[in-house]
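J.: In terms of the numbering used here, the sequence shown is residues 5 to 446.
Virtual Cβ for every residue (Gly too), placed ideally from N, Cα, C.
Submitted below is the structure of interest, expressed as C-alpha cells.
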Amino acid sequence: MMTTQLQIAGTGKISGQVEFVAGIENLDAEFVRSELAAGRLVIPANKLHLKTNLTPAGIGRILTTKINANLGTSSIRSTIKAEIEKMRVAIDAGADAIMDLSTGGNLDKTREQLLAKCPLPFGTVPIYQAIEGRQVEDIDNKIILEVVEKQARQGVDFFTIHAGVLREHLPLLKNRVAGIVSRGGALLAKWMLYHNRQNPMYEMFDDLCDIMVEYDVCFSLGDGLRPGAIADATDKAQIAELRTLGELTHRAQERGCQVMVEGPGHVPFNQIQYNMELQEQICNGAPFYVLGPLVTDIAPGYDHITSAIGGTAAAFYGASFLCYVTPREHLGLPNTDDVRAGVIASKIAAHAADIARGLKGAAERDRKLSTARANLDWQTHLAQSLDPQTAERMHKEACKEIGVKELPEADYCTMCGKQWCSVRTNKEIRKMIDGEAAPITK
Ligand code: SF4
C-alpha cells in the first residue's frame with residue numbers, strides 16, 4: 005500500500021522529504037511534520053519523480069514563499085527544445101516549481117522530456133490533454149481519468165484540477181467584464197452548458213483522489229472562475245467557487261491527498277488582504293497558490309510588475325506560492341527573456357514578503373549586500389543580487405564609461421559621479437568620526 009506525505013505525517017512519522025525540507029528551511033522537522041499533517045503545508049513529490057531527479061520542496065506559511073514558472077508549447081508556436089531552454093532559464097533564475105501548460109505538439113513527449121530534466125516540483129493541467137484531438141463536448145469521465153492516470157504515471161507532482169466550477173455558479177457570471185479567463189474553467193463551463201450536467205471533475209472527485217493518493221500527486225484545486233479584470237475581483241462567482249474549493253480541500257485531505265488551492269487573478273491592492281484571509285478561513289489554512297494577483301489591468305507589457313506588487317501583498321497576508329507572470333502576459337507566448345524577467349519579478353515579490361513577515365534569516369542576504377555596497381565591494385554586491393547577470397552587465401557598462409577596467413577598482417559609478425558619491429563620502433565620514441583621518445575632498 006502506497007502512502008502519501010500527508011498520511012505519513014498523520015501517523016507522527018517524519019519522512020525523509022520532511023527531514024530534507026526542514027533542513028533547507030532551517031526549521032525543526034517535527035514542526036514541518038505537524039504543519040503537513042494539519043494540511044497547512046505540502047511537499048508535492050510524486051513517488052516516481054522522487055525515484056528519478058526530484059529535489060523535494062515544501063510550500064506553506066511557515067516556509068519561505070515559493071514561486072512557480074509556467075511554460076509550455078501553444079497550438080500556434082514553440083518546440084520542445086525551446087520549452088526545455090525556457091525551463092533551464094527559469095531554474096537558473098531561481099524558480100521553485102515548474103508548470104507545463106503545453107497545448108500544442110506532442111504533449112506526452114513534451115512532458116516526458118521536461119520532467120526528465122526537472123529537479124523541481126512539476127505541475128500540469130490534465131484537462132488540456134483531455135481535449136487533445138477532440139472537441140470539449142466529446143470528453144467524458146473515462147477520458148479524463150485516463151489522462152490523469154497517465155500523467156501521474158509519468159511522475160507529475162501536482163495537478164491543477166478545476167473541480168470547483170459548478171453548473172450553478174455559471175449564472176453568477178452574467179455581469180462580469182471579463183467572463184471566464186481560466187482555460188480549464190472555460191472548457192468545463194462549455195461542457196456543462198452543452199450537456200446540461202454537473203462538472204465531471206466534481207462528480208468524479210473521489211475517483212481523482214484515488215489516483216492522486218496512489219502516486220502522491222498533490223492537488224492544486226484550480227480557480228476556474230478567477231477574476232480576469234479588477235472589476236470582477238471578489239465577486240459572487242469567485243467566492244462561490246472558493247466555498248466549493250473549501251469543501252473539496254476537506255474531502256481530498258480526508259482521503260489522504262495533499263492539497264493546495266489556487267486563487268486570483270486580477271485583484272485591486274485593497275482587496276488582497278480580504279481575499280487571503282477568506283481563503284485561509286474557508287480552506288482551513290491549505291497553502292494558497294495565487295496567479296499574480298495583478299493589481300491593475302492597464303499595463304500590458306509590464307504585467308510582471310503589476311503581479312509582483314500584488315504578489316508581495318498576497319504573500320504577506322496569506323499566500324504561500326506565487327505563480328509568476330511574464331511581461332508578455334495577455335500579449336503572446338513568452339520567450340526566454342520574458343521567462344527570466346517573470347521569475348526575477350516574482351522572486352523579488354516573494355522575498356519582500358518574507359522580509360516583512362519576519363521569517364528567520366530572510367533579510368540576511370540584504371544585510372550582506374548592503375554591507376558590501378557601503379564598502380564599495382562590488383564583487384560581493386553583484387554576487388548577492390537576485391539577478392547577478394543583469395547587475396554585472398549594467399555595472400560593467402558604467403565602469404567602461406568612467407574608464408575603469410576591473411570591478412574592484414571602481415570606487416564610484418556613473419549614477420552620481422565621483423564628487424557626489426555618497427558611499428565614498430560616508431567612508432570619509434566614518435573615518436572622521438573615528439578620528440582616523442582628515443576629510444579627503446579631491
Ligand atoms: S556614485 Fe552614487 S550610485 Fe554610484 S556607488 Fe556612489 S553613491 Fe552609489
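Which value, in whole angstroms, describes the spacing of the CA atoms of CYS403 and ILE433?
T.: Their Cα atoms are separated by approximately 25 Å.
J.: Can you tell me which of the three DSSP states LYS178 falls into?
T.: Of the three classes helix, strand and coil, the one that applies to LYS178 here is coil, per DSSP.
J.: Pull up the distance between the alpha-carbon of GLY16 and that of THR253, whole angstroms please.
T.: Their backbone Cα atoms lie some 21 Å apart in a straight line.
J.: Buried or exposed: which applies to THR445, given that a residue is buried once 16 or more other Cβ atoms fall within 10 Å of its Cβ?
T.: In this predicted model, THR445 has a pLDDT of only 48, less than 50, meaning its place in the structure is not dependable enough to derive any value.
J.: What did DSSP end up calling LYS70 once you bin it into helix, strand or coil?
T.: LYS70 falls in the strand class under three-state DSSP.
J.: Excluding sequence positions up to five away, which residues of its chain have a Cβ less than 7 Å from the Cβ of LEU380?
T.: Excluding residues within five positions, the ones whose Cβ falls inside 7 Å are ASP415 and VAL427.
J.: Please classify GLY27 as buried or exposed, where buried requires at least 16 other C-beta atoms within 10 Å of its C-beta.
T.: Label assigned to GLY27: exposed.
J.: Report, in whole angstroms, the separation of the C-beta atoms of GLY314 and VAL299, which I expect to be a contact under 8 Å.
T.: At roughly 4 Å, the Cβ-Cβ gap stays under 8 Å, so GLY314 and VAL299 are in contact.
J.: What does the alpha-carbon distance come out to for the pair SER186 and GLY228?
T.: In a straight line, the C-alpha of SER186 is about 5 Å away from that of GLY228.
J.: Cα-Cα, which of ASN339, GLU333, ILE276 and ARG344 is closest to ALA319?
T.: Looking at the Cα atoms, ILE276 is the closest of the given residues.
J.: Beta carbon of CYS417: closer than 7 Å to some heavy atom of the ligand SF4?
T.: It does: the Cβ of CYS417 is within 7 Å (strictly closer) of some heavy atom of the ligand SF4.
J.: Taking the alpha carbon of ALA86 as the reference point, which residue from ILE71, ALA99 and ASP104 has its own alpha carbon closest?
T.: That would be ASP104, whose Cα lies nearest to the Cα of ALA86.
J.: What residue range is occupied by the uninterrupted alpha helix (DSSP H) comprising ALA356?
T.: Here the alpha helix (DSSP H) through ALA356 covers 340-360.
J.: Three or more beta-carbon pairs under 8 Å between the region 341-356 and the region 102-120, yes or no?
T.: No, the region 341-356 is not in contact with the region 102-120.
J.: Does DSSP classify GLY127 as helix, strand or coil?
T.: Three-state result, GLY127: strand.
J.: How would you call PRO392, buried or exposed, if buried means at least 16 neighbouring beta carbons within 10 angstroms?
T.: Burial call: exposed.
J.: Is SER426 near the ligand SF4, going by C-beta to nearest heavy atom under 7 Å?
T.: At least one heavy atom of the ligand SF4 is nearer than 7 Å to the Cβ of SER426, so yes.
J.: Using a Cβ-Cβ cut-off of 7 Å (strictly less than) and excluding sequence neighbours within five positions of LEU191, which residues of its own chain qualify?
T.: Here the set comprises ILE131, ILE135 and VAL140.
J.: Where do the ends of the beta strand (DSSP E) carrying CYS327 lie?
T.: CYS327 -> beta strand (DSSP E) spans 325-327.
J.: Taking 7 Å as the cut-off, is the CB of CYS420 close to at least one heavy atom of the ligand SF4?
T.: Yes.
J.: In chain order, which alpha helix (DSSP H) runs of at least 4 residues are fully inside the region 228-274?
T.: Here the runs fully enclosed are 240-258.
J.: Using a threshold of 8 Å, state whether the C-beta atoms of ALA237 and GLY269 are closer than that.
T.: Result yes, Cβ atoms of ALA237 and GLY269 sit closer than 8 Å.
J.: Report buried or exposed for THR316, applying the criterion of at least 16 other Cβ atoms within 10 angstroms of its Cβ.
T.: By the neighbour-count rule (16 or more Cβ atoms within 10 Å), THR316 is buried.
J.: Hey, quick one: how far does the beta strand (DSSP E) through VAL294 stretch, first residue to last?
T.: From DSSP, the beta strand (DSSP E) with VAL294 extends over 292-295.
J.: Return the bridge partner residues of SER224 from the DSSP annotation.
T.: In the DSSP output, where bridge partners are listed per residue, SER224 has THR164 and MET264.
J.: Taking three-plus beta-carbon pairs below 8 Å as touching, is the region 155-169 in contact with the region 243-251?
T.: Yes, the region 155-169 touches the region 243-251.
J.: Which same chain residues, not among the five before or five after TRP195, have their C-beta less than 6 Å away from its C-beta?
T.: VAL140.
J.: Using three-state DSSP, classify ILE302 as helix, strand or coil.
T.: ILE302 falls in the coil class under three-state DSSP.
J.: Which of the three DSSP states is assigned to ILE147 in this structure?
T.: In this structure, ILE147 counts as helix in the three-state DSSP scheme.
J.: Count the other CB atoms, across all protein chains shown, that sit within 10 Å of the CB of ASP220; report buried if there are 16 or more and exposed otherwise.
T.: By the neighbour-count rule (16 or more Cβ atoms within 10 Å), ASP220 is buried.
J.: Can you check DSSP and say which residues form a bridge with ALA101?
T.: DSSP output for ALA101 lists ASN72 as bridge partner(s).
J.: Can you list, in chain order, the residues of its chain whose CB lies under 6 Å from that of GLY14, leaving out five sequence neighbours each side?
T.: Counting only Cβ-Cβ distances below 6 Å, and skipping sequence neighbours, we find ALA41.
J.: Please confirm whether ARG45 and GLY20 have their CB atoms less than 8 Å apart.
T.: As written in the sequence, residue 45 is Leu, which differs from the Arg given in the question. No, the pair does not count as a contact, with Cβ atoms beyond the cut-off.
J.: Compare the Cα-Cα distances from ARG265 to each of TYR278, GLN283 and PHE273 and report the closest residue.
T.: Contrary to the premise, residue 265 reads as Val rather than Arg in this sequence. Of TYR278, GLN283 and PHE273, the residue nearest in Cα terms is GLN283.
J.: Take the Cβ of CYS213 as the centre, count every other Cβ of all protein chains shown within 10 Å, and call the residue buried at 16 or more, exposed below.
T.: It counts as buried.
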